[in-house]
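Everything below concerns the one structure shown next.
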Amino acid sequence: MPSLDRDLALAHLLADDADAITTARFQAVDLHVETKPDLTPVSDADRAVEEALRRRLERERPDDAVLGEEYGAQGDGPRRWVVDPVDGTKNFVRGVPVWATLVALQVDGEVAAGVVSAPMLGRRWWAARGSGTWTGPSRADARACRVSGVDALADAHLSYSSLTGWEERGRLPAFLDLTRRVWRTRAFGDFWSHVLVAEGAVDVSTEPEVSLWDLAALQVIVEEAGGRFSDLSGSPRPDGGSVLCSNGRLHEEVLALLRDGG
Numbered sequence: 008m009p010s011l012d013r014d015l016a017l018a019h020l021l022a023d024d025a026d027a028i029t030t031a032r033f034q035a036v037d038l039h040v041e042t043k044p045d046l047t048p049v050s051d052a053d054r055a056v057e058e059a060l061r062r063r064l065e066r067e068r069p070d071d072a073v074l075g076e077e078y079g080a081q082g083d084g085p086r087r088w089v090v091d092p093v094d095g096t097k098n099f100v101r102g103v104p105v106w107a108t109l110v111a112l113q114v115d116g117e118v119a120a121g122v123v124s125a126p127m128l129g130r131r132w133w134a135a136r137g138s139g140t141w142t143g144p145s146r147a148d149a150r151a152c153r154v155s156g157v158d159a160l161a162d163a164h165l166s167y168s169s170l171t172g173w174e175e176r177g178r179l180p181a182f183l184d185l186t187r188r189v190w191r192t193r194a195f196g197d198f199w200s201h202v203l204v205a206e207g208a209v210d211v212s213t214e215p216e217v218s219l220w221d222l223a224a225l226q227v228i229v230e231e232a233g234g235r236f237s238d239l240s241g242s243p244r245p246d247g248g249s250v251l252c253s254n255g256r257l258h259e260e261v262l263a264l265l266r267d268g269g
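If you read the sequence shown in this note's numbering, its first letter stands for residue 8, the second for the next number, and so on.
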């Protein structure tokens, strides 16, 4: 079985493959965009990235399973790669440079390693269990990440994606109550909200509707930076359909506010 160091190195190679495709297709005049059945957009870049990553995994880890946003599950077994080819597709197709490829490895159902690569920001974030969280333009030029020490909600910086999801689930009043209790709010959105928690720039991030591929890489990145990751019921899992990331100190208080209103 490959070592976790080798797995993380492969995740970086997968991110390299993705970056080569996405940067070439970003703001391309012939970018093709369709609407999926759930009314979310998908571009030819999303599909090309996932196809390329699946090809490399077939060569490098033929016995591993793969789950991707665009093409679903392939294979089974104790090791599974989880891929979001373009997290932030709405930004991507509108020419907003805040999007990323997310690659994670699950071993026996637990996320063991993850890489988030945002090439137009010139940044990556990565982590493996027991090795901490790191960020920088490359593995050779990196610094360690650590969550903040903020321990009062009135001093906290909160990030989210949008208000629509909270409203659709009848949880908007509770969420708005949370926004009134914190020091500052910004809708950085998608992966960006959560890696900022790992860096200590944001103290709390939350979304009411997300999928496993949106979160798998982010779980290990937040937790290895000293933070806490859960769904809105408090379960520490990336497949619960929602997410709350925090520096740990504020987690229970935020969970209670969102749960009481939900």
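Think of the CB as a built atom: it goes at the ideal place given N, C-alpha and C, for glycine as much as any other residue.
THR96: member of the alpha helix (DSSP H) spanning 96-101, first to last residue. Under the 10 Å beta carbon count, ARG87 is surrounded by 16 or more other beta carbons and is classified as buried. The Cβ neighbour count for SER200, taken over all protein chains shown within 10 Å, is at least 16; the residue is labelled buried. In the three-state reduction of the DSSP assignment, PRO92 falls in the strand class. Annotation for GLU117: the continuous beta strand (DSSP E) segment containing it runs 117-125. In the DSSP assignment, THR30 is bridged to no other residue. Between VAL90 and the set ARG244, GLU76, ARG101, the nearest pair of CA atoms involves GLU76. When DSSP reads this structure, HIS164 sits in a beta bridge with ARG191. The DSSP-derived three-state label of VAL202 is helix. Taking 8 Å as the upper bound for CB-CB distance, ARG266 and LEU239 are in contact here, some 7 Å apart. Check the Cα spacing between ASP184 and each of LEU160, TRP133, PHE198: the tightest is with LEU160. PRO180 sits in a helix when the DSSP states are folded into three classes.
As a beta-bridge residue in DSSP terms, SER212 pairs with SER166, CYS252.
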